[in-house]
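The block underneath contains the structure these notes are about, expressed in structure tokens.
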Amino acid sequence: MADEFTEGPARDTVADRLAAEALIVDVEGFEGPLDLLLKLAQTQKVDLRRISVTDLAKQYLDFVARAGAMRIELAADYLVMAAWLAFLKSRLLLPPDPEEEGPSAEEQAAHLAFQLERLEAMRRAAAALMARDRLGRDVFARGAPQGVARVRRVTRTATLLDLMQAYARTRTRDEFRPFVMDRDGVWTMEEALDRLRPLIGSLASWVELAAFLPEGWNRDPARRRSATASTFAAALELARNGRLDLEQSDPFGPIRIRGRT
Amino acid sequence: MSDGTLFDAPDPAAQERMVEAILFASATPLTVAELQARLPHGCDAAAALGRLTAHYAGRGVEVRKLGEAWAIRTAPDLSHLMTREIVETRKLSRAAIETLAIIAYHQPATRAEIEEIRGVAVSKGVVEQLMELDWIRLGRRRDTPGRPVTFVVTRGFMDHFGLASPRDLPGLKELRAAGLLDGTLPADAEKGAADLFESAAEE
Amino acid sequence: MSDGTLFDAPDPAAQERMVEAILFASATPLTVAELQARLPHGCDAAAALGRLTAHYAGRGVEVRKLGEAWAIRTAPDLSHLMTREIVETRKLSRAAIETLAIIAYHQPATRAEIEEIRGVAVSKGVVEQLMELDWIRLGRRRDTPGRPVTFVVTRGFMDHFGLASPRDLPGLKELRAAGLLDGTLPADAEKGAADLFESAAEE
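Protein chains in written order, with our numbering: chain A, 419 to 679; chain B, 2 to 204; chain C, 2 to 204.
If you want it as structure tokens, here you go:
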């Protein structure tokens, strides 16, 4: 940014700037050479656009000389500006050199005048801004603001892919097998019920329960035990539902069932 | 301000404006005496307060007496505007998505069936969560001993997952073809799932 | 809230009450979008704001547009009653005030531009102070070599200085007409500043 403004006070590296800042002395309350120039220009009491830059340069150089005489250590910025103004002043006093490249002395002087005018305009704008009705001084916000209570609610979501992956997981996980009951030797109660239900409807007389064991479940004792237990439980369930009657003549005697109509 | 204010009190509308501004900007409720002290001479704080209260009747805020002091407060029926609900969406837990998947594939499914497939007990929280999401609901009781409740998926479930029917869910064979399923299947798993689809379709 | 609210928006008077309650409760200005988000479905925050602004015209508090946001503030002519509410703020240095003005009138402004206008380096403390006051914030980086950061003014700035739009900055038109706002800025920077004003006004 600074590069495009080569005719101004040179601002080089960060190190240079830091060194310059260390030397800054706030001479009589001026904030930098431009501020000082503006103050001096205002003493000419003319429109800043019609200011005499040669006079201004002279005023500035006088000020710097005076400061030097008073052994006031001036910041580097002030001295850079002084050198540049001395150069500009000499160019303004000499006839223009047609061979010279870059902006003419008049253009440089005009730019300086513009800078001063702009700085002054910004100062006026700043003052106008600060003079507005300001919050906390002229206008006021709600004294007892009510915050918005935040209620956090968590919802859960899942995608179809999640669902399918989850199902695949439940059907394939390693620990899945051990939890599956090995049903080869087990006649479940549901199976017994399914077998009994269609048969009892036509069962008008007493029939021994053992006759209802499924085929092939009589030989292996383990299978017989399972089938007997589940068929007995199924019979109890159907008796409870009023579908059949159950009887046993003596302890450990055969259990007989009869359909109820 | 000139001495004139001693004798020329502001007109009633001006006094009402003043009380309005003071009450608005005050961090704490103010008593009539406190208001009076802050108004120019000759003002009647109580009367201005009365007019202000009437002006705000039925508006979004109201002038309310709190003990001996007065304040402007939100109308009680609008208090719901003062809370902001932050809805946070998180992924369903693994237990919940698996339970849901089993219900979707095997519906109607009893708790015992879900537990048998997952190999762990189904927690009450998971079922409640899925019901709250309106993804599962109770189906008909199973006509087996104990008449256990069954779970089925809901219309909401189909809407969320973009399914016309749970039968549109890819079967295990298709899952495997899609690379979603690797590892060995239990011998009867595929058949079992297919069977269940059939029975579900019949209902 | 039932689904019905999707279709049955509250009537205009009810919407106005709601906006009134929300604006009253907030110490900081709220944008139309923020208001809209807190109103039930189907409400028109902008229209309700318009009615509310008209209702409060001439009262002790007023509805004010502050940048892109809206707030209820006490009427400026009643500031003499508010001595008790005045918040004593640290007096700003001349450097801070000028830096703030340069950012406001030239935004987005780079540090180099501020330094060029003031003729001195911007001290770090000034930028920090203005940021702490929530009057300036970082804008988008300038698309020039080095991609310098830019500064823009905030919603807090608009609120503090009671500006409805960046165009309301005192003397802005005159400064622009005099060519004092775009003198040595590169063409793209100028465009950037213009864009910002435009887009701010459009929002």
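By construction, the Cβ of each residue, glycine as well, lies at the ideal position given by its N, Cα and C atoms.
Bridge-paired residues (DSSP) for residue i
i: A/T575; result: B/K92
i: A/K463; result: A/K463 pairs with nothing; no bridge assigned.
i: B/K66; result: B/W71
i: A/A567; result: B/T84
i: B/R138; result: B/V153
i: A/Q666; result: A/I673
i: B/L31; result: B/W71
i: A/L553; result: A/V557
i: A/E626; result: A/R674
The ligand NAP heavy atom lying under 8 Å from the CB of residue i
i: B/L31; result: With respect to the ligand NAP, the structure offers nothing, as it holds no ligand at all.
6 Å CB neighbourhood of residue i in its chain, flanking five on each side removed
i: C/R142; result: R148 and V150
i: A/D612; result: none
i: A/A610; result: S648, T649 and A652
Cut-off 7 Å between Cβ atoms - residues of its own chain near residue i, not counting five sequence neighbours on either side
i: A/R509; result: A523
i: A/A500; result: Y478, L479 and V482
i: C/A97; result: V127, Q130 and L131
i: B/P77; result: none
i: C/L82; result: none
Residues that residue i contacts on chain C, provided the C-beta gap is smaller than 9 Å
i: B/M19; result: G61, L79 and L82
i: A/A546; result: A102, L170, P171 and G172
i: A/V482; result: Within 9 Å Cβ-Cβ: nothing; A/V482 doesn't reach chain C, min ~15 Å.
Interface residues of chain A facing residue i [CB-CB closer than 7 Å]
i: C/H161; result: R552 and L553
i: B/R119; result: T588
i: C/L176; result: A539 and A543
i: C/E99; result: M540, R541 and A544
Interface partners of residue i on chain B, CB under 7 Å
i: A/Q564; result: T75 and M83
i: C/I23; result: L82
i: C/R52; result: Those within 7 Å of C/R52 in chain B number zero; the least Cβ separation is about 12 Å.
i: A/E525; result: In chain order: nothing, as chain B lies at least about 55 Å away.
i: A/E633; result: Within chain B, no residue comes near A/E633; the closest Cβ sits about 22 Å away, beyond 7 Å.
Residue i, enclosing beta strand (DSSP E) - first and last residue
i: B/L79; result: Counting along the chain, B/L79 falls outside any beta strand (DSSP E), and DSSP gives it neither H nor E.
For residue i, the first and last residue of its enclosing alpha helix (DSSP H)
i: C/E114; result: R112 to R119
i: B/Q16; result: P13 to A26
i: A/H529; result: A523 to M548
i: B/G172; result: Taken as a continuous stretch (DSSP letters only), B/G172 belongs to no alpha helix (DSSP H), as it is neither H nor E.
i: B/H42; result: No alpha helix (DSSP H) holds B/H42; DSSP gives it neither H nor E.
i: A/D612; result: M607 to I618
i: B/R52; result: A46 to Y57
i: C/G126; result: K125 to E133
i: A/E655; result: P639 to R658
i: A/S508; result: A494 to L511
i: A/T472; result: V471 to A487
Within chain B, partners of residue i - CB distance below 9 Å
i: C/E86; result: I23, A26, S27 and A28
Closer than 7 Å at the beta carbon, the chain C residues around residue i
i: A/A567; result: Per Cβ cutoff of 7 Å: no residues; A/A567 is ~11 Å from chain C at best.
i: A/E535; result: L181
i: A/D556; result: P77 and S80
Chain B residues whose Cβ lies nearer than 8 Å to that of residue i
i: C/R39; result: L82 and R85
i: A/L578; result: F162, G163 and L164
i: A/L581; result: I98, L101, A102, A105, F162 and L170
Chain A contact residues for residue i, given Cβ-Cβ distances below 8 Å
i: C/R95; result: E449
i: B/Y106; result: Y585
i: B/P167; result: Those within 8 Å of B/P167 in chain A number zero; the least Cβ separation is about 10 Å.
i: B/L134; result: T573 and R574
Cβ neighbours of residue i in the same chain (closer than 8 Å, five flanking residues each side left out)
i: C/T100; result: I115, R119, V123, V127, V128 and L131
i: C/V62; result: I73, R74, T75 and A76
i: A/V443; result: Low confidence applies here, because A/V443 scores a pLDDT of 45, under 50, leaving its location unreliable; read the following figure in that light. Once the five neighbours on either side are set aside, the close Cβ partners of A/V443 are I490, E491, L492 and A493.
Per-residue contacts from residue i into chain A (C-beta, under 9 Å)
i: B/R91; result: V572, T573, R574 and T575
Proximal chain C residues relative to residue i, where beta-carbon distance stays under 8 Å
i: A/D453; result: R119, G120 and V121
i: A/R560; result: F25, A26, S27, A28 and I73
The region 24-36 of chain B in contact with the region 57-73 of chain B per 3-pair CB rule at 8 Å: The region 24-36 of chain B, when compared against the region 57-73 of chain B, does touch it at the 8 Å Cβ threshold.
Cβ pair count under 8 Å reaching 3, the region 43-50 of chain B against the region 13-23 of chain B: The count of Cβ pairs closer than 8 Å, one atom from the region 43-50 of chain B and one from the region 13-23 of chain B, reaches three, so the stretches are in contact.
Cβ contact check for the region 522-530 of chain A and the region 117-131 of chain C: 3 or more pairs under 8 Å: The answer is no - the region 117-131 of chain C does not touch the region 522-530 of chain A, with fewer than three Cβ pairs under 8 Å.
Segment contact, 8 Å Cβ cut-off, at least three pairs: the region 81-92 of chain C with the region 547-559 of chain A: Yes: at least three Cβ pairs fall under 8 Å.
Meets three-Cβ-pair contact criterion under 8 Å: the region 500-516 of chain A and the region 564-574 of chain A: Of all C-beta pairs linking the region 500-516 of chain A to the region 564-574 of chain A, fewer than three are shorter than 8 Å, placing the two stretches out of contact.
The region 669-679 of chain A / the region 615-622 of chain A touching (three or more Cβ pairs under 8 Å): By the criterion of at least three beta-carbon pairs nearer than 8 Å, the region 669-679 of chain A is in contact with the region 615-622 of chain A.
At least three beta-carbon pairs within less than 8 Å, the region 624-631 of chain A to the region 153-161 of chain B: Taking a cut-off of 8 Å on C-beta distances, the region 624-631 of chain A does not touch the region 153-161 of chain B, as fewer than three cross pairs fall below it.
Inter-stretch contact (C-beta, 8 Å, three-pair minimum) for the region 580-592 of chain A and the region 645-656 of chain A: As far as the Cβ criterion goes, the region 580-592 of chain A does not touch the region 645-656 of chain A, which means the pair count is below three.
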